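Numbering (the numbering used here), first residue to last: 104 to 296.
The beta-carbon is built from N, C-alpha and C at its ideal position, and this holds for glycine as well.
These numbers were taken from a predicted model, which means no experiment stands behind them.
Remarks on the structure that follows.
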Amino acid sequence: MHQIYSSDVSLVSKTKRKNQDIIMDEEPPRQSFCTWFHSLKVQIWIAWLGISAGIMAGTVFAIQYQNWIAVTMCFISSAFATLVLHLHMAYKKTQMAGWTSTKLKCIATVGATVSVITLIAMVYCLVVAGIEHQTIDREGLKGANLWIAAVWFFMTSKWSALTWRFARKYRAFCEETRPLLTNSSPPEYSVIP
Numbered sequence: 104m105h106q107i108y109s110s111d112v113s114l115v116s117k118t119k120r121k122n123q124d125i126i127m128d129e130e131p132p133r134q135s136f137c138t139w140f141h142s143l144k145v146q147i148w149i150a151w152l153g154i155s156a157g158i159m160a161g162t163v164f165a166i167q168y169q170n171w172i173a174v175t176m177c178f179i180s181s182a183f184a185t186l187v188l189h190l191h192m193a194y195k196k197t198q199m200a201g202w203t204s205t206k207l208k209c210i211a212t213v214g215a216t217v218s219v220i221t222l223i224a225m226v227y228c229l230v231v232a233g234i235e236h237q238t239i240d241r242e243g244l245k246g247a248n249l250w251i252a253a254v255w256f257f258m259t260s261k262w263s264a265l266t267w268r269f270a271r272k273y274r275a276f277c278e279e280t281r282p283l284l285t286n287s288s289p290p291e292y293s294v295i296p
């Protein structure tokens with residue numbers, strides 16, 4: 104039974120029967136959802152979605168609710184989504200080959216630091232909003248509502264963590280693909296007459 108459902112063609116070919124009932128045509132390999140989701144095109148669209156979500160939410164919270172903590176975090180989240188998009192586009196257009204390892208290491212460090220800080224701020228906002236019994240109705244959202252601020256601290260933490268992740272990923276890829284002798288000077292040759 105396992106041999107019929109196996110993708111290994113050699114197993115099927117070893118079990119020859121009198122009537123060749125099993126004929127396997129070569130099918131193109133299927134892409135799983137995870138492979139599709141982690142493709143570069145999808146990641147670029149997700150980054151665009153993060154940028155637009157941050158800008159639209161920041162505008163709404165500024166005009167309608169005057170929640171300046173949430174507005175600030177919306178725009179910071181959008182900035183980190185823009186940085187993730189920039190990393191993807193630089194990688195796609197092979198512009199990243201000219202970047203130094205230190206530049207990508209600094210981007211990764213900033214992303215990791217901001218991610219940890221905003222995660223702590225999110226927990227703080229949730230605790231204080233619960234203690235102060237803040238509401239999520241239309242009137243409760245006006246002013247400094249910490250429930251909404253916690254959401255956008257989380258979004259900023261997510262985008263800064265993605266900045267950290269992709270900066271590390273692309274730095275490792277750039278270090279792998281660089282020639283071994285890029286930093287060393289060419290050997291000196293002497294001409295002896």
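Are the CB atoms of residue j and residue i within a distance shorter than 7 Å?
{"i": "C177", "j": "A150", "result": "no"}
{"i": "S181", "j": "I154", "result": "yes"}
{"i": "A321", "j": "R271", "result": "Outside the displayed span of the chain (104 to 296) sits residue 321, for which this structure offers no information."}
{"i": "H189", "j": "Q146", "result": "no"}
{"i": "Q237", "j": "L229", "result": "no"}
{"i": "A184", "j": "V174", "result": "no"}
{"i": "L186", "j": "R274", "result": "no"}
{"i": "F257", "j": "M225", "result": "yes"}
{"i": "A215", "j": "W139", "result": "no"}
{"i": "L143", "j": "K196", "result": "no"}
In chain order, what residues of the same chain have a beta carbon less than 7 Å from the beta carbon of residue i, not counting five sequence neighbours either side?
{"i": "I158", "result": "S181"}
{"i": "A232", "result": "L249, W250, A253"}
{"i": "M199", "result": "A193, Y273, C277"}
{"i": "K117", "result": "Caution applies to K117, whose pLDDT of 48 falls short of 50 and renders its modelled position unreliable; the model cannot decide the point."}
Just to confirm my understanding: we take residue i, look at its own chain, exclude 5 residues before and 5 after, and list those with CB closer than 8 Å. What are they?
{"i": "W202", "result": "A193, C277"}
{"i": "Y168", "result": "L244, K245, G246, N248, I251"}
Could you name the residues of the same chain whose beta carbon sits closer than 6 Å to that of residue i, not counting the 5 residues immediately before and after it, in chain order?
{"i": "V217", "result": "S263"}
Next item on the list: Inspect the CB distances between the region 252-271 and the region 217-237 and report whether three or more fall short of 8 Å.
Entry: With the cut-off at 8 Å, the region 252-271 and the region 217-237 touch.
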